[in-house]
């Protein structure tokens, strides 16, 4: 077993990451990377030199599932050794590990001996030699970069990438530009190649890495999703419309905002079952298109998240929204102001504006009820000079 192999640990709990890293160090490994974000994990893997991925799955989490799918859908990472840590009841992950020859499932509660055995099994080539050569080759770095098994010197435009089609020299150029700290040029080259060759996994991942370096997380995730099939019930991204089509038309333009929200409530028909504590209506997102019937864009909220009806609207940090909150058929909060704090691949963090005492009491009561049921906490605090404000995670 080669203890110089790089190991990526993905976990949503920092304490778990520290513990797993400590166990790996005791086994002799020194190149250990811990990530709490699937996008950061993909970015780390794209730089090369990683020979094993450890995924600590949290019950009910979609982040680890997304990462596993992304790795197996991308040709470059399809044979990368994968160690999944999850509860025995996770039948989907158990079945996946049983079918994947490069994957080992270790049930929780985790024992250090079982974890170490899984690492050794994957890196030592047991129970099949296919667990060594192919995975290690797929995980090699681009030519000329640290961890590369072969390739020309840095700056060479004719280098190659292990595990990829050597004839596709443009991929090596993307890696070279990223290495030379020219992510904008790398992104432009990747986009040109996508137009010519289509969504090849290695090109998409190169574009995702370049966009991530440039600080455009949304564009990076969009590039990754080109090679990652979306879930059947996941909403599609909202299409960009001309400015003239982003205005309200017909009856919506004749109603004031409060009445538009009421009309949206009257026309709302849920498309799937929810554990609903609240329903939130923001009809301004469903802008009518000239010459067509107005489309409602309504949301269904439970404390656990807000689920958007597809296509979801494009959201940016700092955007302000106005909405009505219903409990059953009763409007409990009207004209509530929301501010978008962060936008991620599956979560949008929003902060309620100034709330009166009754509104604060209602929100805190529903949050306590959900936490009593064992639901994950959905409220963080934003400490400012004006005190604490509730931050609600909107999952879609």
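Residue numbers (our numbering): 30 to 425.
We put the beta carbon where it would ideally sit given N, CA and C, even for glycine.
Original post:
In angstroms, rounded to a whole number, what distance separates the CA positions of residue 252 and residue 233?
Top reply: 5 angstroms
Original post:
Does the region 93-106 come within contact of the region 45-55, defined as at least 3 CB pairs closer than 8 angstroms?
Top reply: no
**OP:** Using only alpha-carbon positions, find the residue among 366, 352 and 210 that is nearest to residue 360.
**Re:** 352
Original post:
Tell me, which residues are paired with residue 227 by DSSP?
Top reply: According to DSSP, which records beta bridges pairwise, residue 227 is partnered with nothing at all.
Original post:
Can the beta-carbon of residue 39 be found less than 8 angstroms from the beta-carbon of residue 94?
Top reply: no
Original post:
Buried or exposed: which applies to residue 205, given that a residue is buried once 16 or more other Cβ atoms fall within 10 Å of its Cβ?
Top reply: buried
**OP:** Using only alpha-carbon positions, find the residue among 149, 118 and 142 that is nearest to residue 131.
**Re:** 149
Original post:
Quick one: Cα of residue 152 to Cα of residue 350, how far?
Top reply: 51 angstroms
Original post:
Exposed or buried, which one is residue 346 when buried takes at least 16 other CB atoms within 10 Å?
Top reply: exposed
Original post:
Given residue 92, which residues of its chain have a CB within under 7 angstroms of its CB, disregarding the five upstream and five downstream residues?
Top reply: 41 and 67
**OP:** Figure out for me which residue from 223, 43 and 237 has the closest Cα to the Cα of residue 75.
**Re:** 237
Subject >> CB of residue 79 within 8 angstroms of CB of residue 147, strictly >> reply: no
Subject >> Straight-line gap, residue 117 to residue 89 (C-alpha atoms, nearest Å) >> reply: 13 angstroms
**OP:** With a 10 Å radius around its C-beta and 16 neighbouring C-beta atoms as the bar for buried, classify residue 226 as buried or exposed.
**Re:** exposed
Original post:
With respect to the alpha helix (DSSP H) encompassing residue 134, which residues constitute its N-terminal and C-terminal limits?
Top reply: No alpha helix (DSSP H) holds residue 134; the beta strand (DSSP E) holding it covers 132-136.
**OP:** Report buried or exposed for residue 70, applying the criterion of at least 16 other Cβ atoms within 10 angstroms of its Cβ.
**Re:** buried
Subject >> Residue interval of the beta strand (DSSP E) (run including residue 64) >> reply: 61-64
Original post:
Which residue comes first and which comes last in the beta strand (DSSP E) that contains residue 115?
Top reply: 111-115
**OP:** Since I believe residue 49 is in contact with residue 86 (beta carbons under 8 angstroms), could you give me their beta-carbon distance rounded to a whole number of angstroms?
**Re:** Rounded, the Cβ-Cβ distance is 13 angstroms, inconsistent with contact.
Original post:
Are the beta-carbon atoms belonging to residue 135 and residue 143 less than 8 angstroms from one another?
Top reply: yes
**OP:** Determine the direct distance from the alpha carbon of residue 348 to that of residue 288, and round the result to whole angstroms.
**Re:** 22 angstroms
Subject >> Under the three-state DSSP convention, the category residue 366 falls into >> reply: strand
Subject >> Pairwise C-alpha distance: residue 235 and residue 141 >> reply: 36 angstroms
Original post:
Cβ atoms of residue 362 and residue 354: under 8 angstroms apart, would you say?
Top reply: yes
**OP:** Assign residue 31 to one of two classes, buried (16 or more other C-beta atoms within 10 Å of its C-beta) or exposed (fewer than that).
**Re:** exposed
Subject >> Closest Cα partner of residue 426 within the set 112, 63 and 37 >> reply: Outside the shown range of the chain (30 to 425) lies residue 426, about which nothing can therefore be said.
Subject >> Neighbour-count burial assignment, residue 208, 16 or more Cβ in a 10 Å radius >> reply: buried
Original post:
DSSP state of residue 129, grouped into three classes?
Top reply: coil
Original post:
Do residue 239 and residue 219 have their C-beta atoms closer together than 8 angstroms?
Top reply: yes
Original post:
Which of the three DSSP states, helix, strand or coil, is assigned to residue 106?
Top reply: helix
Original post:
Nearest CA to the CA of residue 119: which residue from 137, 213, 60 and 59?
Top reply: 137
Subject >> Cβ-Cβ distance between residue 241 and residue 72 below 8 angstroms >> reply: yes
Original post:
Taking the alpha carbon of residue 229 as the point to measure from, which residue in 61, 47, 200 and 109 has its own alpha carbon closest?
Top reply: 200
Subject >> Residues sharing a beta bridge with residue 36, DSSP >> reply: 61 and 81
Original post:
With 16 as the cutoff for other CB atoms within 10 Å, does residue 77 come out buried or exposed?
Top reply: buried
**OP:** Note down the Cα distance separating residue 37 from residue 124, rounded to an integer number of angstroms.
**Re:** 23 angstroms
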